[in-house]
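Right, one structure below, let's go through it.
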Amino acid sequence: MTSTGTGAWLRPLTADPDRSGAGPVVHPDRRLGELVTGRPPGITGHQWSSALREGFDQVVCDARTGLPAFALRIAPPAPPGSPRHRVERATTAVCAAVGLPVLTVENATLAAAGHGRRIIGYVLDAHRYAGAADGSGGELDPVPVGFRDIVGRLPDGRSGHVNDLGALARAAAVEAYVDRRLADPLVRGLHVRWQGGPAEGWSWVSVRPDGCLVERVRIWEHGVSCGVDAARLAEDLAAAAVGERLRDLTGVPPQLVTPEELRRSVVELRDRSDELVDGFAFAHLCAD
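According to full-length UniProt numbering, the sequence shown is numbered sequentially starting from 1.
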């Protein structure tokens with residue numbers, strides 16, 4: 001799942017040698033300064049002082065050694081060139097130098113308190129599932145169903161993809177449509193992966209014929225894999241963010257995007273397909 005080297009620059013949080021083989025331990029709300037033992041070579045004093053104060057929403061540690069395996073951060077995207085962006089770049093550099101993998105989810109709607117532990121649990125489950133599938137091999141065995149594609153019973157009683165983190169939002173959209181609070185019951189979306197950059201997912205729903213509620217999520221895998229296709233996970237999380245905003249339809253009117261504006265944004269994404277891994281697979285959304 002991750003590669004943290006010898007852990008020479010990482011500080012154990014809690015160690016229990018008797019828990020060999022036990023599942024990882026997850027700690028919430030930890031600062032980088034709590035996880036490192038000192039400044040590694042190649043990191044400037046300014047980078048070091050800027051990064052140490054930065055926090056992670058969840059930190060996954062080895063149960064036996066207590067060493068951090070990877071961390072999760074959920075935050076709104078920082079404007080390029082802003083002070084916040086410079087601090088994030090310094091933190092990324094320090095984490096790479098000390099061997100701490102970091103999974104970053106960029107979105108302004110998703111909150112660590114409501115989604116952090118769920119995302120970490122999802123990633124750990126996905127890795128366990130992939131490990132079990134790899135270990136069951138045999139040429140005559142059928143190809144295992146991907147973690148995201150497992151079908152079962154959803155909380156509302158329907159059958160569907162149980163590992164779709166946007167499933168509840170999709171059900172909420174149907175209910176809102178029945179209650180005449182939405183113009184369309186479907187949560188639509190797309191996902192891409194930028195070359196040398198993050199995975200990105202979009203989701204949207206039509207609140208009115210002339211207005212869509214749109215969410216975008218970016219996932220940066222710095223030394224750690226999501227266990228599933230990160231772009232697809234980003235789209236599911238964008239759908240979950242749409243679900244969060246559907247809760248407020250009866251309160252403050254949400255900020256909406258016209259269908260024309262949304263289509264122009266999708267066309268702009270299509271026109272940058274040469275910057276995407278495997279190109280752009282959603283050209284049908286660009287039709288008039």
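Here a beta-carbon is modelled for each residue, glycine too, at the ideal position from N, C-alpha and C.
Same chain, Cβ closer than 7 Å to residue i, neighbours up to 5 away in sequence not counted
| i | result |
| --- | --- |
| L182 | A173, A176, V205, S206, V207 |
Beta-carbon gap between residue i and residue j smaller than 8 Å
| i | j | result |
| --- | --- | --- |
| P101 | G23 | no |
| H127 | I74 | no |
| F282 | L190 | yes |
| P12 | L72 | no |
| R188 | S203 | yes |
| R64 | P17 | yes |
| A167 | V242 | no |
| F147 | G227 | yes |
| G197 | A231 | no |
| Q195 | V105 | no |
| R31 | G55 | yes |
| A171 | D156 | yes |
| L285 | V266 | yes |
| E221 | L103 | yes |
Counted within 10 angstroms of its Cβ, other Cβ atoms place residue i as buried (16 or more) or exposed
| i | result |
| --- | --- |
| I150 | exposed |
| V217 | buried |
| S273 | exposed |
| V145 | exposed |
| Q255 | exposed |
| V94 | buried |
| S82 | exposed |
| L186 | exposed |
| E260 | exposed |
| V59 | buried |
| A287 | exposed |
Beta-bridge pairing of residue i - partner residues as DSSP gives them
| i | result |
| --- | --- |
| S273 | Per DSSP, none; premise fails for S273. |
| L72 | Q58, L103 |
| S159 | R153 |
| R117 | DSSP output for R117 lists no bridge partner at all. |
| Y203 | One detail in the question is off: residue 203 reads as Ser in this sequence, not Tyr. S203 pairs with G189, E215. |
| C28 | Residue 28 is actually Pro in this sequence, not Cys. BP columns for P28 point to Q58. |
| R208 | G211 |
| W220 | T104 |
| L10 | V36 |
Neighbourhood of residue i by C-beta distance below 8 Å, restricted to the same chain and skipping five residues each side
| i | result |
| --- | --- |
| P79 | H85 |
| T37 | A8, W9, L10, R11 |
| A130 | F147, G227 |
| R118 | L165 |
Same chain only: Cβ atoms within 6 Å of residue i, ignoring 5 sequence neighbours per side
| i | result |
| --- | --- |
| P76 | A108 |
| A90 | Q47, S50, A51 |
| P209 | A183 |
| F280 | R270, S273 |
| G152 | V162 |
| P40 | W9, A97, V98 |
| L249 | R181 |
| residue 297 | Given that the chain is displayed from residue 1 to residue 288, the structure contains no residue 297 and the question cannot be resolved. |
| V87 | S50 |
Problem - Touching by the beta-carbon criterion (3+ pairs, under 8 Å), the segment 157-165 and the segment 223-240 - result: Judged by Cβ distances under 8 Å, the segment 157-165 makes contact with the segment 223-240, as three or more pairs qualify.
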